[in-house]
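Numbered according to this note's numbering, the sequence shown spans residues 3 to 228. Virtual Cβ for every residue (Gly too), placed ideally from N, Cα, C. All figures in this text were calculated on a predicted structure; none of them were measured in a lab. In what follows, a structure is listed as structure tokens, so that the remarks can point back to it.
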Amino acid sequence: MPVITNIDDLKRLHKKRTPKMFYDYCESGAWTEQTFRENVTDFDKIRLRQRIAVDMEGRTTATQMIGQDVSMPVALAPVGLTGMQRADGEIKAAKAAEKFGVPFTLSTMSICSIEEVDKHTTKPFWFQLYVMRDQDFLEGIIQRAKDAKVSALVLTLDLQILGQRHKDLKNGLSVPLRPTLPNIANLATKWQWGLEMLATKNKSFGNIVGHAKGVSNMGSLFTWTA
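In structure tokens:
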């Protein structure tokens with residue numbers, strides 16, 4: 003395992019291990035990607051004020067978020083397809099967040115389902131919900147979240163239309179997946195990723211397929227989402 007000192011080290015490792023189509027999905031945004039870029043540049047404007055000659059005994063970043071004890075006031079944001087970045091990715095991320103003491107937010111578009119993440123964790127996690135037209139699905143998935151003792155519901159309200167992700171179109175990343183010669187060749191170089199994916203049962207959108215009416219496979223998922 004290489005020495006990790008900052009987020010850029012992790013990005014290089016991610017790029018090396020993950021198929022290009024899934025790496026690009028994580029490292030890009032929709033349309034002109036303005037919001038994606040500003041998620042970084044806006045934080046670059048923030049400066050932490052250094053205080054000197056003060057008592058440093060008992061310093062801590064621990065606090066509470068919505069009544070929940072946390073080791074520092076941050077949470078892991080919801081990321082779709084995490085389980086395609088790495089086999090069982092949502093489970094691994096949730097366990098890492100639990101170990102560190104911060105909330106993990108599971109995406110509606112996760113590969114591992116609410117139930118799978120709940121089965122492998124001991125503390126409540128958060129769940130991000132896309133507010134869609136399918137009221138039966140919404141009621142069902144909220145009840146599933148309650149049954150899993152999810153401690154917070156994070157609502158996403160900006161999905162009036164599906165955003166076009168240019169890199170996904172170029173890489174052939176779609177639902178269902180349409181393999182191209184370049185991404186097949188790239189997948190062949192990610193043998194460790196491939197072996198891990200073969201070993202897991204979590205390979206589709208676990209929160210939706212088999213739960214939304216008319217969505218029994220990956221082929222019918224896109225029509226339902228649109």
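Cutoff 7 Å; reference residue i; Cβ partners in own chain excluding five residues on either side
i    : result
A79  : T107
E118 : I93, N204, G208
W33  : G165, Q166
T182 : G174
V217 : I210, V211, L223, W226
Nearest neighbour of residue i, chosen from the options [CA to CA]
i    : options             : result
P184 : L200, I6, K22       : K22
K215 : L171, D136, A201    : D136
K18  : K192, L200, G174    : K192
E198 : T7, V217, Q162, R88 : R88
L159 : L140, Y132, S206    : Y132
G82  : M67, D44, A96, S109 : S109
A64  : G103, A228, D149    : G103
Cα-Cα separation between residue i and residue j, rounded to whole angstroms
i    : j    : result
N188 : H168 : 19 Å
D11  : N41  : 19 Å
F224 : D57  : 57 Å
Y25  : A55  : 45 Å
I186 : G60  : 54 Å
Beta-carbon proximity list for residue i, same chain, < 8 Å, skipping 5 on both sides
i    : result
P4   : D11, L15
V156 : P80, T107, W128, F129, Q130, L131
Three-way DSSP call (helix, strand, coil) for residue i in this model
i    : result
T158 : strand
Q130 : strand
L78  : strand
Buried versus exposed, by CB contacts within 10 Å (16 or more), residue i
i   : result
M74 : exposed
A99 : buried
T20 : buried
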